[in-house]
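Let me begin by presenting the structure, written as structure tokens, before commenting on it.
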Amino acid sequence: MNTSTQNGIYHPLYYLASLGAGGVTVAFWKLGDVTSQGPIIHASMIIFLSIATILFLLNLPYWLKALRSQGAFFGIPLPTTSSKISQEVRNERDPVVSTGWMAMPVSLAMLLNAGFVAIPELLGVSAKLMAPYGYWLWLGAYVMVFILGFQILLNTFSTPIALKKFNFGLFLQPLTYGMVAVPGLSLATMLDNTHTLMAQSALLLGLTAFMVGAFLALLALIFIFLRFSTHGLPEPKVAPTTLLLMPSITVYTIFVLRIYHFLAHHGVEVPHVIFELTSMAAIGLMGAVATLGLIILIGYFRGHVEFSPSWWSFVCPFVALSVLSSITYQFSTHGKTLFLFSSVSALLVAISIYTYVGLKTIRTIHYRRRLVHSSSPR
């Protein structure tokens with residue numbers, strides 16, 4: 003798969019394709035968890051987990067090559083290139099390129115979550131039996147995500163042009179830290195009675211990731227709305243990034259619910275109504291964010307903006323709604339049918355959009371490859 007952009011330049015947001023497939027995997031798992039597992043659910047989980055893994059690995063060499071053009075990483079000077087990649091990235095012509103680097107770590111975190119929930123289910127193995135091995139895998143991904151995340155964050159805030167182009171793509175940062183925090187709480191609960199040190203470190207690291215992500219989310223909101231108050235709505239090209247707010251709501255809601263489970267595991271009685279109110283409040287907040295996104299996107303579609311990698315962001319809100327609806331269905335005492343319908347409908351829409359954007363991406367890449375080939379000297 004040639005993941006080149008219009009000018010033959012790799013765009014880091016192509017990693018959102020892997021993120022979307024991982025999210026669909028989790029959505030199928032959660033839907034099966036609240037209804038009943040069956041061959042269709044299992045087959046869908048296998049298909050989308052495979053897609054997420056393959057796309058993650060296919061993007062990796064292009065992502066590393068594009069990153070190499072930055073000239074330095076982790077404070078270590080790297081040899082630069084004179085290719086279009088280097089020119090485009092350095093000029094920052096793309097307003098989401100600086101925040102888009104975070105698409106790789108967030109895809110890694112999603113792949114970790116999807117694997118944690120899908121593999122034990124598909125193998126018919128208790129998650130607790132796999133927890134000690136999963137801990138080391140999670141710890142390695144945790145360290146990698148933190149190193150990548152902070153380096154990318156420093157690069158973003160040190161680039162004057164990037165500071166002028168704040169957009170909702172900044173929520174890739176808190177979304178990533180939230181995603182690595184959730185498995186930490188799960189591991190802390192599962193390992194508590196058998197591997198105390200692992201459980202305590204998973205709890206501490208999970209809470210750290212949660213607080214870092216929450217702080218970055220607050221910081222992003224402040225900067226974004228301050229910018230919008232002076233410069234207006236974002237340019238059409240970055241409008242789809244508005245939808246990244248919705249999966250952030252789902253991830254942090256799941257983390258809060260995991261805290262309730264952890265407390266209950268340690269004998270602290272958490273009333274069922276707290277679970278229900280938390281999930282219902284998240285649904286309401288997601289509705290408010292969806293309204294904001296719709297207002298911004300109306301102008302986007304009226305402008306007939308051409309296809310870009312940011313279109314993969316359209317998958318995220320429906321995956322997030324499906325997962326959150328399944329969670330609310332699990333805890334709600336009223337309106338269960340509505341939440342189940344919402345979960346199934348949102349998942350079907352997510353798959354439809356994923357298929358459409360995937361086909362659009364393939365056609366666009368094929369067209370641009372032909373264009374480059376026809377314009378090259380013979």
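Letter by letter, the sequence shown follows residues 3 to 380 in the working numbering. Using N, Cα and C, we set each Cβ at its ideal position, and we do this for glycine too. Owing to the predicted nature of the structure, the values given are computational and were not obtained by experimental measurement.
Taking Cβ positions, are V325 and T252 nearer each other than 8 Å?
yes
Contact under 8 Å by Cβ, L438 with A19:
Here the chain comprises residues numbered 3 to 380, so residue 438 is not present and cannot be evaluated.
Whole-number beta carbon distance between L193 and V147, since they are thought to touch under 8 Å
Incorrect: roughly 20 Å between the Cβ atoms, too far for contact.
Quick check: the segment 209-217 against the segment 285-295, are there 3 or more CB pairs under 8 Å?
no
Kindly give me the distance between the Cβ atoms of F118 and L187, rounded to whole angstroms, as I take these residues to be in contact under 8 Å.
With a Cβ gap of about 12 Å, F118 and L187 do not count as contacting.
Can you give the beta carbon distance from F316 to L246, rounded, assuming they're within the 8 Å contact cut?
In fact, because the Cβ distance is near 11 Å, the residues do not count as touching under 8 Å.
In whole angstroms, give me the CA-to-CA distance for F341 and Q332.
Within the model, the alpha-carbon separation for F341 versus Q332 is close to 9 Å.
Just confirm the distance between the C-beta atoms of V321 and A352, as a whole number of angstroms; I'd bet it's less than 8 Å.
With a Cβ gap of about 5 Å, V321 and A352 count as contacting.
Just to confirm before moving on: does the CB-CB distance between Y16 and P311 stay below 8 Å?
yes
My guess is that P185 and W140 are in contact by the Cβ rule of under 8 Å, so how many angstroms apart are they, rounded?
5 Å
If you count every other CB in all the chains shown that lies within 10 Å of the CB of P79, and 16 or more means buried, which is it?
Reliability of the predicted coordinates at P79 is poor, the pLDDT of 38 falling under 50, and the value obtained from them is presented with this limitation in mind. Classification for P79: exposed.
Between I300, Q175, V28, I53, which has its C-alpha nearest P122's C-alpha?
V28
At the level of alpha carbons, what is the spacing between L33 and T363?
28 Å
Out of curiosity, what's the CA-to-CA distance linking L174 and V108?
One alpha carbon belongs to L174, the other to V108, and they sit about 7 Å apart.
Using the C-alpha atoms, what's the distance from V346 back to F227?
33 Å
Could you tell me how far apart the beta carbons of V36 and S354 are, in whole angstroms, since I believe they sit closer than 8 Å?
Contact flag wrong, Cβ pair sits at about 22 Å.
Quick one, are the C-beta atoms of Y262 and F277 less than 8 Å apart?
Contact flag set, yes.
Report back the beta-carbon spacing between P54 and G102 to the nearest angstrom; my notes put them in contact at under 8 Å.
The sequence given here has Ala at residue 54, not Pro. 18 Å between Cβ atoms; not a contact.
As assigned by DSSP and simplified to three states, the class of S20
Here S20 sits in helix by DSSP.
Is the beta carbon of Y144 less than 8 Å from the beta carbon of L207?
It is a contact, given that the beta carbons lie within the stated cut-off.
Three-state secondary structure (DSSP) at E278?
helix
As a quick exercise: from A133, H368, L218, pick the residue whose alpha carbon is nearest that of S250.
L218
Report the rounded CA-to-CA distance for W313 versus H268, giving the unit in angstroms.
Rounded to the nearest angstrom, the two C-alpha atoms are 43 Å apart.
Drop a sphere of 10 angstroms on the beta-carbon of S84, count the other beta-carbons inside from all chains shown, and report buried for 16 or more, exposed for fewer.
In this predicted model, S84 has a pLDDT of only 36, less than 50, meaning its place in the structure is not dependable enough to derive any value.
From this set, L125, Y356, T330, which residue's C-alpha is nearest S344's C-alpha?
T330
Helix or strand or just coil, what does DSSP make of F333?
helix
Does the Cβ of L350 have 16 or more other Cβ atoms within 10 Å, making it buried, or fewer, making it exposed?
exposed
Take V275 and list the residues in its own chain whose beta-carbon comes closer than 7 Å to its own, dropping the five residues that flank it on each side.
Around V275: no qualifying Cβ.
Hey, quick one: how far does the alpha helix (DSSP H) through F309 stretch, first residue to last?
Note, F309: premise wrong, no alpha helix (DSSP H); not H, not E.
A105 versus L60 - alpha carbon distance:
14 Å
Under a Cβ-count criterion, where at least 16 other Cβ atoms within 10 Å of its own Cβ denotes burial, should P273 be classed as buried or exposed?
exposed
Under DSSP, the alpha helix (DSSP H) around S250 begins and ends at which residues?
247-267
For L172, the first and last residue of its enclosing alpha helix (DSSP H)
Note, L172: premise wrong, no alpha helix (DSSP H); not H, not E.
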